[in-house]
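Undergrad: In the working numbering, the protein residues as written are 223 to 434.
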């Protein structure tokens, strides 16, 4: 009998990673956030590499604004990814959540949502959240950095309908707040892990933190 390639993983809950990278980066004065240089590559390549090294069963990346330029950059990695186009990206972040969920296989038990603009995120952070979910069956698991919540967050399938109903710039925070008793929190001491880049000033700060 043929042995499964990942026998241990297949006995656990199946988790998909959804990288949201559809925004236009309006506060970057014309720069394309996903294509900002980072560690010899780009922000989007950095995000995909982080997730590629994490213990997930499925990988989805959601594109919208500047999609063709971004697709050209990530082409070498696309074999391991399901690339989803969010034609409604101008409606806000919730549209990317819906687009990502719509692409998941029916046997996926949970999804972990990752923003493409967290340059210091690591595979270990993603794995820690997934391990907590698999160990506890908690339907929501979120990261805390030096006591402050930030992406990523994991939601079990029981919350997919609520996520699908989000509108505009809503993310999972409202769902987390409404279900506080169901949330597992995973703490990390390094605040940089949760740092995101929304402005050129934040980008320069990240570059300084990285030793540029």
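We put the beta carbon where it would ideally sit given N, CA and C, even for glycine.
1. Quick check: what's the CA-CA separation for residue 271 versus residue 400?
2. Three-state secondary structure (DSSP) at residue 411?
3. Determine the closest residue to residue 382 out of 319, 315, 373, 255, with distance taken between C-alpha atoms.
4. If you measure from the CB of residue 430, is any heavy atom of the ligand ADP nearer than 7 Å?
5. Check whether the region 309 to 317 touches the region 350 to 359, counting contact only when three or more Cβ pairs, one atom from each stretch, lie closer than 8 Å.
6. Quick check on residue 364: buried or exposed, where buried means 16 or more other Cβ atoms within 10 Å of its Cβ?
7. For residue 358, which option in 333, 407, 342 has the closest C-alpha, if you only look at C-alpha atoms?
8. Excluding the 5 residues flanking residue 309 on each side, which residues of the same chain have their C-beta closer than 8 Å to its C-beta?
9. Does the distance from the C-beta atom of residue 348 to that of residue 362 stay below 8 Å?
TA: In short, the structure shows the following:
1. Cα atoms of residue 271 and residue 400: separation of roughly 33 Å, rounded to the nearest angstrom.
2. DSSP places residue 411 outside both helix and strand once states are collapsed to three, so it counts as coil.
3. Checking every option, the nearest Cα to that of residue 382 belongs to 319.
4. As far as ligands go, the structure on display features none, and thus does not contain the ligand ADP.
5. In short, these stretches do not touch, since the Cβ pair count stays below three.
6. Label assigned to residue 364: buried.
7. Closest by alpha carbon: 407.
8. The answer, listed in chain order, is 286.
9. Taking 8 Å as the Cβ cut-off, residue 348 and residue 362 do not qualify as a contacting pair.
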